[in-house]
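S.K.: Following the working numbering, the numbering of the sequence shown begins with 14 at its first residue and continues without gaps.
Backbone N, C-alpha and C fix where the C-beta goes; we use that ideal spot for every residue, glycine too.
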Amino acid sequence: MWTDIIDLRDFYASSLGQMTARLIRRRVREVWPNLTGEAVLGLGFAPPLLRAGLDEARHVAAVMPPAMGVLRWPSESPCRSALADELNLPFPDLMFDRVLIVHALESTHHPHALLREAWRVLKESGRLLVIVPNRLGVWSRLERSPFAVGRPYSPLQLQALLRDSLFTPTQSTGALYLPPFQSRMMLASASAVEEVGRRWFAGFSGVLLAEAAKQVYAAGLTREAAVKKRSVIALPQGMGRVSHPPLGRKATHTKGSVSSLGPPIKSTQ
Numbered sequence: 014m015w016t017d018i019i020d021l022r023d024f025y026a027s028s029l030g031q032m033t034a035r036l037i038r039r040r041v042r043e044v045w046p047n048l049t050g051e052a053v054l055g056l057g058f059a060p061p062l063l064r065a066g067l068d069e070a071r072h073v074a075a076v077m078p079p080a081m082g083v084l085r086w087p088s089e090s091p092c093r094s095a096l097a098d099e100l101n102l103p104f105p106d107l108m109f110d111r112v113l114i115v116h117a118l119e120s121t122h123h124p125h126a127l128l129r130e131a132w133r134v135l136k137e138s139g140r141l142l143v144i145v146p147n148r149l150g151v152w153s154r155l156e157r158s159p160f161a162v163g164r165p166y167s168p169l170q171l172q173a174l175l176r177d178s179l180f181t182p183t184q185s186t187g188a189l190y191l192p193p194f195q196s197r198m199m200l201a202s203a204s205a206v207e208e209v210g211r212r213w214f215a216g217f218s219g220v221l222l223a224e225a226a227k228q229v230y231a232a233g234l235t236r237e238a239a240v241k242k243r244s245v246i247a248l249p250q251g252m253g254r255v256s257h258p259p260l261g262r263k264a265t266h267t268k269g270s271v272s273s274l275g276p277p278i279k280s281t282q
């Protein structure tokens, strides 16, 4: 089950969502302190975490799956987001230095295939960073959290999945130790609570972050013989939302309001 793009946009526009993005960005920057000159791909709903890299990275792209929908991002500069099949990315092999997956691995029915596709587009020296709900954390249990959708993972489950998908885990950390409440007092003390949680309750973070290196010896494995047609929906200026309809239903076009992540986009297809 995927979280709708409008729900994600509205969450990250709220005070709780802004705090969430800020705390996770800190952990991302600890793992990836320097993105200068690199090509970075965000898969899932990564814009709230990628904004800091826009000024550093050589190229930044954000791909959102059809089942989620897509928003134009960023709103103040040329569009870097697109709607594309997460299992059939419209990029050549060995294109990206870094791939960030968030709000995706827990939702897909094909986690191995998603990771193998990330493996394909990563350079041989590339790094993958996966962010998923922690099975032991509060955020995976409360519906007000976007991390309560899909399948949560334990650290061992996540590491096993990465290894089975031809990645070697290199480091891991956690974020979101405070519960997802809108309390002003809670939000004001978020940074302090986060540090206490990291020190004394490391196993109970709301999300897990795991970095992994591509296993380059697997490059010689035989790829599927069938050549898939890769497609992508470009995102010009517009005022609509694109989403993938359930089976048996017609696609719908929904108006949306402007947010800090940019206005919803009308598909060119």
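#1: Mapping DSSP to helix, strand and coil, what is residue 204?
#2: Out of 141, 75, 157, point me to the one whose CA is closest to residue 179's CA.
#3: Distance check for residue 53 and residue 45, CA to CA, integer angstroms please.
#4: Is it true that the CB of residue 223 sits closer than 8 Å to the CB of residue 304?
#5: Tell me the rounded alpha-carbon separation between residue 27 and residue 230.
#6: Less than 8 Å between the CB atoms is what I'm expecting for residue 150 and residue 219, so what's the real figure, rounded?
#7: Ignoring anything shorter than 3 residues or poking outside the region 26-60, list the beta strand (DSSP E) runs there in chain order.
#8: Going residue by residue through the region 104-171, where are the continuous beta strand (DSSP E) segments of at least 3 residues, counting only ones entirely within it?
#9: Where does the unbroken beta strand (DSSP E) through residue 73 begin, and where does it stop?
#10: Reducing DSSP to helix, strand and coil, say where residue 18 ends up.
#11: In chain order, what residues of the same chain have a beta carbon less than 7 Å from the beta carbon of residue 14, not counting five sequence neighbours either side?
#12: Cβ of residue 118 within 8 Å of Cβ of residue 127?
#13: Counting C-beta neighbours from all protein chains within 10 Å, is the total for residue 72 16 or more, i.e. buried, or is it exposed?
#14: Is the Cβ-Cβ distance between residue 33 and residue 116 less than 8 Å?
#15: Per DSSP, residue 187 is paired with what?
M.R.: In terms of the structure at hand:
#1: helix
#2: 141
#3: 11 Å
#4: Nothing about residue 304 can be reported from this structure: the residues present for the chain run from 14 to 282 only.
#5: 44 Å
#6: 4 Å
#7: Entirely contained in the region 26-60, the beta strand (DSSP E) runs reaching 3 residues are, in chain order, 52-57.
#8: 109-115, 135-146
#9: It spans 72-77 - the beta strand (DSSP E) in which residue 73 sits, taken as one unbroken run.
#10: helix
#11: 120, 162, 163
#12: yes
#13: exposed
#14: No. Outside cutoff.
#15: 221
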